[in-house]
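Colleague:
There are 2 protein chains.
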Amino acid sequence: MILLNGKPQDLIPASDRGLHYGDGVFETLAINNGKPQFWTAHMERLLDGCSRLVIPLPDVACLKAETTQVADGCERAVIKIIITRGSGGRGYRPPASPEPQRLVMHYPWPDYVVPQEGITLRQCLTPLSCNPRLAGIKHLNRLEQVMARAEWGDDLVHEGLMLDLDGNVIEGTMSNLFAVRNGVLLTPDLTRCGVAGVMRHQVLLLAHKLGITCEIVQLRAAELEGMDELFVTNSVIGIWPVSCLGEARYGEAPITQRLISALNLMMEQK
Amino acid sequence: MILLNGKPQDLIPASDRGLHYGDGVFETLAINNGKPQFWTAHMERLLDGCSRLVIPLPDVACLKAETTQVADGCERAVIKIIITRGSGGRGYRPPASPEPQRLVMHYPWPDYVVPQEGITLRQCLTPLSCNPRLAGIKHLNRLEQVMARAEWGDDLVHEGLMLDLDGNVIEGTMSNLFAVRNGVLLTPDLTRCGVAGVMRHQVLLLAHKLGITCEIVQLRAAELEGMDELFVTNSVIGIWPVSCLGEARYGEAPITQRLISALNLMMEQK
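If you read the protein sequences in the order shown, they are chains A and B.
Position 118 (the first sequence) corresponds to 117 in numbering that gives the first Met the number 0; numbering is contiguous.
Position 239 (the second sequence) corresponds to 238 in numbering that gives the first Met the number 0; numbering is contiguous.
Here is the structure:
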């Protein structure tokens, strides 16, 4: 089921700037126990994205009602919300009074098959481009992720790692990356590129509560080999430990496991 | 009038990857004297873009017929062609057997009002990000151009100049840039970012025919002040001389004028 501006509709105008330019933002959120998870955090990022792109802000209460309607009583599902600037304007020039379009879509819960000991991560060749003006937000320009994800077809590889053009580790194609070194939790700085994931933010909050030191860092790909633990996060998968990246193997992951337990507890209490 | 896969239709599926990820390419071409201009060059770039994104190639004869149908006998018009990877796949992962969608759209000829002596160009704050994997092609990830074009509302400013993050001049928001210094035609290298415009290519060919030396260069914004001539190009506007960029003024532009005359002659002969 898809709602466009609140009405069941699975088509959008061919003139929409979301299609022409990727002129919009989106959120992908989990429905668990019938309820949207981390709703407030998703809405904060969505509104931040709209503000930064100067798209009029959607009504959050209305999005909540539509999310509930589209979730349709499912215990588990994925909801995708897309806000575009709508049609109009002249070429790239945005219209003076945009009429944003609001899509709320239901997807079945994905059937990822992931080994208990952790996932296999591969390093992608497609680089992420840097642009501080767009960094952090979840805008609709996602061709780099598509190209990176198209690099492998082997289902035994679960996620791809993306670097910027300078060789800094940024994130996975659909996830954020964390590493643990000497008991300290590290995650890449996203001020120049990358998506500031809602689950990344939750993990940072959880780590803080658990008294785990966190650092936002520049990380080189070669440094990952020397890490004690690696994991990736997103709103749907939660936390996936990494067991394998290239030649590197990661075994016992006490801090990752503590975070997974804390996250599970937090989700149960919601 | 809009054709979707050959049928009149002004809506597209909300699941289209063009909307979700900007997963596709486009062309904007001029109809002059009732005929599409530089058709072959546009098709070459479109096919190159599809190849690089691993989108099955559209049938060019079919696109030609649809362009003629959508142009609808107009003497002058703008036709926009969009090819997306269609729907399907799993998140960023492209479908194994994509069913590309083909949109052909008619726009009226734009009523740009441009002074005879040349346009006013402004330097944009929004940077262009670099990604050699996407450079040159006209893909649907155009948020940077939208952000740059949103920087000014004054109709007396005709185009915005965009730099990469390192301060290299790349192109205009909707055009390519050329400069003339000591009789030599210069245009920025586009191997790391930017769109390799069809008109840029034609101008390089024309200059070659006219015996004007051309160089593809790295250009710093500060160097533009010392240029003898500046102009911008695209498929619809042709060549626009620049008379003003920041504090810099450009007067007599003999090489630009030679190129404009040669281009006009070429268009008449088509």
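In this text, a Cβ means the ideal position worked out from N, Cα and C, and glycines have one as well.
Please list the partners that methionine 173 of chain B has in chain A, where partner means a Cβ-to-Cβ separation under 7 Å.
Modeller: Simply Gly90, Tyr91.
Colleague: Using the C-alpha atoms, what's the distance from leucine 229 of chain A back to arginine 16 of chain A?
Modeller: Roughly 38 Å separates the two Cα atoms.
Colleague: Indicate whether the contact test is met: 3 or more Cβ pairs, each with one atom in the stretch 78-89 of chain B and one in the stretch 19-39 of chain B, closer than 8 Å.
Modeller: As far as the Cβ criterion goes, the stretch 78-89 of chain B touches the stretch 19-39 of chain B, which means the pair count is three or higher.
Colleague: Isoleucine 215 of chain B: buried (16+ other C-beta within 10 angstroms of its C-beta) or exposed?
Modeller: Flag for isoleucine 215 of chain B reads exposed.
Colleague: I'd like the list of long-range same chain contacts for leucine 209 of chain B, defined as Cβ closer than 7 Å, with 5 residues on each side in sequence excluded.
Modeller: Correct list, in chain order: Arg257, Ala261.
Colleague: Do methionine 266 of chain A and glutamine 277 of chain A have their beta-carbon atoms positioned less than 8 Å apart in this structure?
Modeller: Absent from the model: residue 277 of chain A. The displayed extent of chain A is 0 to 269, so no value can be given.
Colleague: Cutting at 7 Å between CB atoms, please list the residues of its own chain near leucine 155 of chain A, excluding the five before and the five after it.
Modeller: These residues qualify, in order along the chain: Thr119.
Colleague: So for cysteine 49 of chain A, helix, strand or coil by DSSP?
Modeller: It is helical.
Colleague: Whole angstroms are fine: how far does the CA of glutamine 68 of chain B sit from the CA of glutamate 74 of chain B?
Modeller: If you take the alpha carbons of glutamate 74 of chain B and glutamine 68 of chain B, they lie about 13 Å apart.
Colleague: Using a beta-carbon distance below 8 Å, is threonine 39 of chain A in contact with chain B?
Modeller: Chain B contact via Cβ: absent.
Colleague: Quick check: glutamate 143 of chain B and serine 128 of chain B, are their CB atoms within less than 8 Å of each other?
Modeller: Contact: yes.
Colleague: Mind checking if glutamate 143 of chain A is an interface residue toward chain B, Cβ cutoff 8 Å exclusive?
Modeller: Interface residue, yes.
Colleague: List, in chain order, every chain B residue whose beta-carbon is nearer than 7 Å to that of aspartate 153 of chain A.
Modeller: In chain order: nothing, as chain B lies at least about 12 Å away.
Colleague: In the DSSP assignment, find the alpha helix (DSSP H) that holds cysteine 61 of chain B and state where it starts and stops.
Modeller: Residues 59-70.
Colleague: Which full runs of the beta strand (DSSP E) of 3+ residues lie inside the stretch 88-126 of chain A, going along the chain?
Modeller: Entirely contained in the stretch 88-126 of chain A, the beta strand (DSSP E) runs reaching 3 residues are, in chain order, 100-106, 118-122.
Colleague: Under 9 Å Cβ-Cβ, which residues of chain A neighbour tyrosine 249 of chain B?
Modeller: None at all; the shortest Cβ gap to chain A is about 24 Å.
Colleague: For tyrosine 249 of chain A, which residues from the same chain have a beta carbon less than 8 Å from its beta carbon, with the 5 sequence-adjacent residues on both sides left out?
Modeller: The residues are Gly117, Met226, Asp227, Glu228, Leu229, Pro240, Val241, Ser242, Cys243.
Colleague: Roughly how many angstroms lie between the CA atoms of serine 234 of chain B and arginine 219 of chain B, to the nearest whole one?
Modeller: Distance between the alpha carbons of serine 234 of chain B and arginine 219 of chain B is about 25 Å.
Colleague: Is it buried or exposed, cysteine 61 of chain A, if we count other Cβ atoms within 10 angstroms and call 16 or more buried?
Modeller: Its Cβ having fewer than 16 others within 10 Å, cysteine 61 of chain A is exposed.
Colleague: To test your reading of the DSSP string, which unbroken beta strand (DSSP E) runs of 3 or more residues are found completely within the stretch 163-233 of chain A?
Modeller: Correct list: 168-171, 175-180, 183-187, 213-216, 228-233.
Colleague: Name the chain B residues whose beta carbon is nearer than 9 Å to that of valine 216 of chain A?
Modeller: The premise fails here: valine 216 of chain A is roughly 20 Å from chain B at the closest Cβ pair, so nothing lies under 9 Å.
Colleague: Is the Cβ-Cβ distance between leucine 139 of chain A and histidine 19 of chain B less than 8 Å?
Modeller: Result yes, Cβ atoms of leucine 139 of chain A and histidine 19 of chain B sit closer than 8 Å.
Colleague: Roughly how many angstroms lie between the CA atoms of threonine 66 of chain B and leucine 162 of chain B, to the nearest whole one?
Modeller: Taking the straight line joining both Cα atoms gives about 34 Å.
Colleague: Please name the residue in A:Phe177, A:Val145, A:Tyr106, A:Cys192 whose C-alpha comes closest to that of threonine 232 of chain A.
Modeller: Looking at the Cα atoms, A:Phe177 is the closest of the given residues.
Colleague: Taking CB distances under 8 Å as the criterion, tell me whether asparagine 31 of chain B reaches chain A.
Modeller: With 8 Å as the cut-off, asparagine 31 of chain B does not count as an interface residue toward chain A.
Colleague: Any beta carbon of chain B sitting closer than 8 Å to that of glycine 17 of chain A?
Modeller: Output row for glycine 17 of chain A: interface = yes.
Colleague: What does proline 126 of chain B reach in chain A if we use C-beta pairs closer than 9 Å?
Modeller: Result: Cys129, Asn130, Pro131, Arg132.
Colleague: Which one or two residues does DSSP pair with cysteine 73 of chain A in a beta bridge?
Modeller: DSSP output for cysteine 73 of chain A lists no bridge partner at all.
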